[in-house]
Amino acid sequence: MKNLFKKKTPPKNSAQYSARFLANRFPSGRNGKVVYIRPEYHERLLRIVQLTREEKTTLYSYIDNILEHHFREYGDDITDYFNERFKPIL
Numbered sequence: 063m064k065n066l067f068k069k070k071t072p073p074k075n076s077a078q079y080s081a082r083f084l085a086n087r088f089p090s091g092r093n094g095k096v097v098y099i100r101p102e103y104h105e106r107l108l109r110i111v112q113l114t115r116e117e118k119t120t121l122y123s124y125i126d127n128i129l130e131h132h133f134r135e136y137g138d139d140i141t142d143y144f145n146e147r148f149k150p151i152l
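Residue numbers (this note's numbering): 63 to 152.
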């Protein structure tokens, strides 16, 4: 079986990772939107979430935590990228 969790960077503190990404802030994704992701990513995400069965982290909550972190971390870069490409006509 191939390794689905390839390490590209040194391991970080697992407790910090768990607190940041595996916190179950949303017990259900019923109010969200449907998105499609690659099957191999879906499998990885499900496997990670299944490890947290004691905390009952939902897939919806895990993905939301990842996106929240991404936008907080790269929000200024995303805004700069957008502003560079979509300048007003006047």
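Glycine is no exception: its CB is placed at the ideal position from the N, C-alpha and C atoms. Predicted, not measured: the structure shown is a model, and the values here were computed from it.
query: What do you get for S76, buried or exposed, if any count of 16 or more other CB atoms within 10 angstroms of its CB means buried?
result: Counting Cβ neighbours within 10 Å, S76 comes out exposed, since fewer than 16 surround it.
query: Should V111 be labelled buried (16 or more other beta-carbon atoms within 10 Å of its own) or exposed?
result: Answer is buried; the Cβ neighbour count reaches 16.
message: Please tell me whether, using a cut-off of 8 angstroms, the distance from the CB of I128 to the nearest non-hydrogen atom of the ligand ZN is below it.
response: The ligand ZN is absent from the structure shown, which contains no ligand whatsoever.
message: For I99, count the other beta carbons within 10 Å of its own beta carbon; 16 or more makes it buried, fewer makes it exposed. Which is it?
response: Exposed.
field: alpha helix (DSSP H) segment containing P101, residue limits
entry: P101 to Q112 is the extent of the alpha helix (DSSP H) around P101.
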